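Protein chains: 2
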Amino acid sequence: MGRPRTFDEERAVESAAELFARHGYEGTSVDDLVTAIGVHRGSLYKVFGSKRGLYLTALRRHLDRHVLPLAGRVAAAPDPVRALTAAADAYDSGPAAGLLLLAQAETAHRDPEVAALTAEGFGALEEAIAAVLAASDGPAAEAGPDLARALTAAVLGLRLRSRTADAAAGPGAARALAACLAPPPADRPTGE
Amino acid sequence: MGRPRTFDEERAVESAAELFARHGYEGTSVDDLVTAIGVHRGSLYKVFGSKRGLYLTALRRHLDRHVLPLAGRVAAAPDPVRALTAAADAYDSGPAAGLLLLAQAETAHRDPEVAALTAEGFGALEEAIAAVLAASDGPAAEAGPDLARALTAAVLGLRLRSRTADAAAGPGAARALAACLAPPPADRPTGE
DNA sequence: GCAGTTCGAGAACAATCGTTCTTGACCGAT
DNA sequence: ATCGGTCAAGAACGATTGTTCTCGAACTGC
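Going line by line, the protein sequences match chains A and B.
Those letters in the first sequence? Residues 1 to 192, per UniProt numbering, in order.
Those letters in the second sequence? Residues 1 to 192, per UniProt numbering, in order.
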């Protein structure tokens with residue numbers, strides 16, 4: 001019963017995520033959202049309740065569709081080097097990749113619900129890297145969760161910096177960092 | 001001639017920097033500023049021209065008073081490990097330490113002047129770390145600026161994460177990361 | 001085909017935003 | 001002592017914020 005809705009909620013959330021990822025929460029107005037999505041104000045409030053509601057669903061969907069799968073792929077990597085490069089590469093691309101980043105920087109410290117979501121995302125990434133570290137036999141194995149936290153932070157920081165820096169310094173830097181904890185010093189062909 | 005001003009511009013900028021560092025640019029209203037600083041709206045606009053003007057001077061002063069000196073201290077460190085821990089410790093503390101961070105995350109990508117300032121700050125830190133790396137003889141020496149970028153990003157990301165995480169995971173993680181590129185593998189007492 | 005319900009379009013809401021104006025009070029130089 | 005100029009205090013500005021209301025059109029179940 002009733003008139004069926006003619007807009008795709010999936011696409012709406014996706015467009016909203018892209019806007020939020022680019023301009024942040026406060027930097028994205030409801031007018032921006034309705035013009036970019038193409039949906040009417042009333043419908044948007046009918047479906048999502050509020051701007052914050054739309055933001056929360058966009059963030060949760062970002063976690064479910066991108067961040068957590070990425071954490072799974074990272075955890076399945078055979079060694080820390082490939083885990084780190086995979087994390088950096090995947091997190092650098094994608095239109096809404098900055099959503100988690102901006103949420104942490106801008107909104108998490110004053111919205112507990114957002115903080116819970118970002119903590120979930122970053123926690124998953126850290127645990128994935130920690131798992132790979134623990135399974136490795138390099139010098140990184142002993143460092144444990146602390147090192148995992150630092151590496152995740154590095155990926156995060158590179159992404160943040162690449163929002164203005166010229167371009168693509170991310171992958172190179174991540175590779176350099178990965179190479180740094182790569183070699184079990186024994187099998188490194190320096191003098192042989 | 002004229003009535004002398006009765007408020008301390010130095011303190012005003014400092015208070016403003018603290019507010020901006022905590023709540024971001026968009027998250028800090030002019031009302032918040034005038035009540036926190038204790039100065040009148042008119043005086044504030046007379047001296048700084050606009051909210052953005054106050055923000056820019058606060059950011060520049062933050063660079064001159066804290067970031068660039070920190071870069072100098074980092075560059076003077078005797079080895080990469082101490083350089084990195086010094087950077088992490090210093091950047092974690094201080095009331096307005098998040099100013100550069102928030103500026104990069106929130107404002108830099110749409111305000112070229114802010115982008116220039118953040119680029120200056122991060123560039124100085126990266127160059128300092130790169131210099132220490134180049135002077136070192138560990139495995140990090142060859143990696144060059146890419147690794148410096150990654151390490152700076154790690155400090156940045158740790159600070160960003162510590163805005164909501166429980167506390168003090170930063171120093172431990174930074175130390176773990178530093179320890180990871182510390183040992184010239186030869187003089188590590190593993191089997192001797 | 002009619003009733004009931006939901007959707008889409010746009011005006012309108014109060015609140016807040018950054019900014020400016022008006023009004024006296026105060027001070028230093030003449 | 002008086003005048004010129006800068007100050008502080010607060011009201012007020014238009015613009016924009018997020019949100020809600022009103023209205024007519026569109027569709028499904030009886």
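Quick reminder that beta carbons are idealized off the backbone N, C-alpha and C, glycines included.
Quick caveat: nothing in here was measured; it's all calculated off a predicted structure.
Exercise for review: At 7 Å on the CB atoms, spell out the chain A contacts of B:Phe122, in chain order.
Suggested key: Taking the first residue of the second sequence as position 1, residue 122 of chain B is located at position 122. Under a criterion of Cβ atoms nearer than 7 Å, the residues of chain A adjacent to B:Phe122 are, in order, Arg161.
Item checked: Distance, A:Ala75 Cα to B:Leu84 Cα -> As a first step, residue 84 of chain B is located in the second sequence; it is residue number 84 there, counting from the start. As a first step, residue 75 of chain A is located in the first sequence; it is residue number 75 there, counting from the start. Distance between the alpha carbons of B:Leu84 and A:Ala75: 27 Å.
Problem - Whole-angstrom distance between B:Thr107 and A:Ala58, CA atom to CA atom - result: For this step, residue 58 of chain A is matched to residue 58 along the first sequence. For this step, residue 107 of chain B is matched to residue 107 along the second sequence. Each residue's alpha carbon lies about 22 Å from the other.
message: If we require 4 or more residues per run, which alpha helix (DSSP H) segments fall completely within the stretch 98-127 of chain B?
response: Contiguous alpha helix (DSSP H) elements confined to the stretch 98-127 of chain B occur at 98-102, taking only those with 4 or more residues.
Report the neighbours of A:Thr85 on chain B: residues whose CB is nearer than 8 Å to its CB, in chain order. Here the question's residue 85 of chain A lines up with position 85 in the first sequence. Here the premise fails: no neighbours, minimum Cβ distance about 12 Å.
- Query: Rounded to a whole number of angstroms, what is the C-alpha to C-alpha distance between A:Arg144 and A:Ala134?
  - Reply: Here residue 144 of chain A refers to the residue found at position 144 when the first sequence is read from its first residue. Here residue 134 of chain A refers to the residue found at position 134 when the first sequence is read from its first residue. The sequence given here places Gly at residue 144 of chain A; Arg does not occur at that position. Using only the alpha carbons, I get a separation of about 7 Å.
Whole angstroms is fine: what's the gap from B:Val81's alpha carbon to B:Ala179's?
Residue mapping note: residue 81 of chain B aligns to position 81 of the second sequence, counting from 1. Residue mapping note: residue 179 of chain B aligns to position 179 of the second sequence, counting from 1. Taking the straight line joining both Cα atoms gives about 7 Å.
Next on the checklist: If you measure between the beta carbons of B:Phe122 and A:Arg161, is that distance less than 8 Å?
Outcome noted: Counting from 1 along the second sequence, the entry for residue 122 of chain B is found at position 122. Counting from 1 along the first sequence, the entry for residue 161 of chain A is found at position 161. Yes, Cβ-Cβ distance for B:Phe122 and A:Arg161 is below 8 Å.
Exercise for the section: Find the residues of chain B that neighbour A:Glu26, judging by a C-beta separation of less than 7 Å, and give them in chain order. Expected result: Here residue 26 of chain A is taken as the residue at index 26 of the first sequence, counted from 1. Per Cβ cutoff of 7 Å: Glu26, Gly27.
Handout entry: A:Glu26 in three-state terms, based on DSSP
Key = Position 26 of the first sequence holds residue 26 of chain A. A:Glu26: coil per DSSP, three-state reduction.
Taking CB distances under 8 Å as the criterion, tell me whether B:Arg11 reaches chain A.
Translated into the one-based positions of the second sequence, residue 11 of chain B becomes position 11. No, its Cβ sits nowhere closer than 8 Å to a Cβ of chain A.
**Report entry** Coarse secondary structure for B:Leu8, derived from DSSP in three states
**Finding:** Position 8 of the second sequence, counting from 1, holds the residue named residue 8 of chain B. The displayed chain sequence assigns Asp, not Leu, to residue 8 of chain B. Assigned with DSSP and collapsed to three states, B:Asp8 falls in coil, not helix or strand.
Taking the straight line between their C-alpha atoms, what separation do you get for B:His109 and B:Leu181? Mapped onto the second sequence, residue 109 of chain B falls at position 109. Mapped onto the second sequence, residue 181 of chain B falls at position 181. The straight-line gap from Cα to Cα measures roughly 32 Å.
Cβ shell of B:Ala12 (< 6 Å), same chain only, five flanking positions each side left out | To locate residue 12 of chain B, count along the second sequence from 1; it is residue 12. Same-chain partners within the cutoff: Ile37, Val39.
| field | Proximity of B:Ala165 and A:Ala154 at Cβ, strictly below 8 Å | value | Taking the second sequence and counting its residues from 1, one reaches residue 165 of chain B at position 165. Taking the first sequence and counting its residues from 1, one reaches residue 154 of chain A at position 154. Contact flag unset, no.
>> Any beta carbon of chain B sitting closer than 8 Å to that of A:Glu18?
In response: Here residue 18 of chain A refers to the residue found at position 18 of the first sequence. No, A:Glu18 does not count as interfacial toward chain B.
Using a Cβ cut-off of 9 Å, pull out every chain B residue sitting near A:His62, in sequence order please.
Residue 62 of chain A sits at position 62 when you count from the first residue of the first sequence. In chain order: nothing, as chain B lies at least about 17 Å away.
Have a look at A:Leu63, A:Ser29, A:Arg52 and flag the residue whose alpha-carbon is nearest the alpha-carbon of A:Asp111.
Translated into the one-based positions of the first sequence, residue 111 of chain A becomes position 111. Nearest option by C-alpha distance: A:Arg52.
Assign A:Arg163 to one of three DSSP states: helix, strand, or coil.
What you label residue 163 of chain A is simply residue 163 of the first sequence in a count that begins at 1. Coil at A:Arg163, not helix or strand.
Subject >> Pairwise C-alpha distance: B:Ala77 and B:Glu127 >> reply: Working through the second sequence from its first residue, we reach residue 127 of chain B at position 127. Working through the second sequence from its first residue, we reach residue 77 of chain B at position 77. Cα to Cα, B:Glu127 sits roughly 13 Å from B:Ala77.
task: For B:His40, name the three-state secondary structure that DSSP assigns.
output: Indexing the second sequence from 1 puts residue 40 of chain B at position 40. In this structure, B:His40 counts as coil in the three-state DSSP scheme.
Who are the neighbours of A:Leu100 on chain B, taking C-beta pairs under 7 Å?
-> Within the first sequence, residue 100 of chain A is the residue found at index 100, counting from 1. Within chain B, not a single residue places a beta-carbon under 7 Å from that of A:Leu100; the smallest gap is close to 11 Å.
For a contact defined as C-beta to C-beta under 7 Å, what are the partners of B:His109 on chain A?
Here residue 109 of chain B refers to the residue found at position 109 when the second sequence is read from its first residue. Residues of chain A passing the Cβ test: Arg163, Thr164.
_Please report the straight-line C-alpha distance between B:Ser15 and A:Ala173, rounded to a whole angstrom._
As a working note, residue 15 of chain B is residue 15 in the second sequence. As a working note, residue 173 of chain A is residue 173 in the first sequence. So the alpha carbons of these two residues sit roughly 36 Å apart.
| said: Taking 6 Å as the limit between beta carbons, can you name the residues of its chain near B:Ala90, skipping five residues before and five after? | reply: Working through the second sequence from its first residue, we reach residue 90 of chain B at position 90. Closer than 6 Å at the Cβ level, and outside the excluded window around B:Ala90, lie Leu70.
message = Taking 8 Å as the threshold (C-beta atoms), are A:Leu56 and A:Leu44 in contact?
response = Reading the first sequence from its first residue, position 44 is the one you call residue 44 of chain A. Reading the first sequence from its first residue, position 56 is the one you call residue 56 of chain A. Not closer than 8 Å, so no.
With H, G and I counted as helix, E and B as strand and the rest as coil, what does DSSP make of B:Arg175?
Residue mapping note: residue 175 of chain B aligns to position 175 of the second sequence, counting from 1. Three-state result, B:Arg175: helix.
* Asked: Going straight from the alpha carbon of A:Ala101 to that of B:Gly72, what length do you get?
  -> Along the first sequence, read from residue 1 onward, the residue named residue 101 of chain A stands at position 101. Along the second sequence, read from residue 1 onward, the residue named residue 72 of chain B stands at position 72. According to the sequence displayed, residue 101 of chain A carries Leu and not Ala. Whole-angstrom Cα-Cα distance: 29 Å.
| message | Is there a Cβ of chain B sitting closer than 8 Å to that of A:Glu106, yes or no? | response | In the first sequence, residue 106 of chain A corresponds to position 106, counting from 1. A:Glu106 counts as touching chain B.
Check for me: the alpha helix (DSSP H) holding A:Leu181 runs from which residue to which?
The count along the first sequence starts at 1 and reaches residue 181 of chain A at position 181. Counting along the chain, A:Leu181 falls outside any alpha helix (DSSP H), and DSSP gives it neither H nor E.
Practice task
Could you tell me if B:Thr28 is buried or exposed, where buried requires 16 or more neighbouring beta carbons within 10 angstroms of its beta carbon?
Solution key: Taking the second sequence and counting its residues from 1, the one referred to as residue 28 of chain B is at position 28. Classification for B:Thr28: buried.
Alpha carbon to alpha carbon, how far is B:Leu68 from B:Leu158? Give it in angstroms, no decimals. In the second sequence, residue 158 of chain B corresponds to position 158, counting from 1. In the second sequence, residue 68 of chain B corresponds to position 68, counting from 1. Using only the alpha carbons, I get a separation of about 19 Å.
Tell me the DSSP secondary structure of A:Ser50 in three-state form.
For the purposes of this step, residue 50 of chain A is identified with residue 50 of the first sequence, where counting begins at 1. A:Ser50: coil per DSSP, three-state reduction.
Given that a residue counts as buried once 16 or more other Cβ atoms are within 10 Å of its Cβ, and exposed if not, what is A:Arg41?
As a working mapping, residue 41 of chain A is identified with position 41 in the first sequence. Counting Cβ neighbours within 10 Å, A:Arg41 comes out exposed, since fewer than 16 surround it.
Cutoff 7 Å; reference B:Ala148; Cβ partners in own chain excluding five residues on either side
Taking the first residue of the second sequence as position 1, residue 148 of chain B is located at position 148. Answer for B:Ala148: Glu126, Ile129, Ala130, Leu133, listed in chain order.
Please tell me whether B:Arg149 has its Cβ less than 8 Å away from any Cβ of chain A.
The residue labelled residue 149 of chain B in the question sits at position 149 within the second sequence. True, the Cβ-Cβ gap to chain A drops below 8 Å.
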